[in-house]
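Going by my numbering, the first residue of the first sequence is number 2, and it counts up by one from there.
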Amino acid sequence: MLNVPTWTTDRVELLKNHFEAGLTCREIAASIGVSRNAVIGKLARLQLTRGPARAEPRPTKAARERSRKSIPRLQYKILQAVYENAEPLPEVAITSERRCSLFELSNQRCRWPIGTPGAEDFCFCGDTPVEGMPYCTGHTRLAYRPGSRQRVARAY
DNA sequence: CCCTGATTCGC
DNA sequence: GCGAATCAGG
2 MLNVPTWTTD
12 RVELLKNHFE
22 AGLTCREIAA
32 SIGVSRNAVI
42 GKLARLQLTR
52 GPARAEPRPT
62 KAARERSRKS
72 IPRLQYKILQ
82 AVYENAEPLP
92 EVAITSERRC
102 SLFELSNQRC
112 RWPIGTPGAE
122 DFCFCGDTPV
132 EGMPYCTGHT
142 RLAYRPGSRQ
152 RVARAY
């Protein structure tokens, strides 16, 4: 493969002329025989734009990654910690001394529902939650069972 | 959904 | 420098 430079002088000339003529980037790209992104990229490097640049520069990819992934990462860490001392889940119900009503729920009460909604004895676990989680340790392990998602997905 | 131009960043 | 991936906006 010969290494033909993409942006030869005449191609750049074509690019500029087509741009002046008001062709869209896609049309310019088709005319020259390159991708639309190539045209857009080259125009950007030539400082050629049609409208005023956007006021707010995009946050860096790193920043976007951070804000997008930080919460899932954190929760993954928490779950890791919950499963750190992994024993088989007990078959017996997880009991709580602190059962509470819907209105007594808070960030400091396990939100695991117990019983049938609407029933007289319906309530919530109410125990102290794992930090950053909506459930206590036992119910966190019940709620996030490894592999359960896949099994459920296949069932549908 | 389709499209557009603009920006970032790994190559 | 290049352009794919990704973005915001229409």
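Glycine residues also receive a C-beta, built at the ideal position from the N, C-alpha and C atoms. From a predicted model like this one, the values you see are computed outputs, not experimental measurements.
- Per DSSP, the beta-bridge partners of CYS124 are ILE115.
- THR129 sits close to ARG110, with the two beta carbons spaced by under 9 angstroms.
- Between ILE115 and GLY133, the alpha-carbon positions lie close to 21 angstroms from each other.
- Around the CB of LEU47, fewer than 16 other CB atoms lie within 10 Å, so the residue is classed as exposed.
- By the 16-neighbour rule on beta-carbons within 10 angstroms, LYS62 is exposed.
- For ILE41, the enclosing alpha helix (DSSP H) starts and ends at 37-46.
- Excluding sequence positions up to five before and after PRO6, its CB lies less than 6 angstroms from no other CB in the same chain.
- Excluding its 5 nearest sequence neighbours in each direction, GLY42 has no C-beta neighbour in its own chain below 8 angstroms.
- Nearest C-alpha to GLY34 among PRO53, ASP11 and ALA45: ASP11.
- A residue is called buried once 16 or more other Cβ atoms fall within 10 Å of its Cβ, and GLY52, having fewer, is exposed.
- CYS101 sits in a strand when the DSSP states are folded into three classes.
- By alpha-carbon distance to SER97, the top candidate from GLU28, HIS140 and GLU121 is HIS140.
- Taking C-beta separations shorter than 8 angstroms and ignoring five residues to either side along the sequence, the partners of SER32 in its chain run LEU15, HIS19 and LEU24, following chain order.
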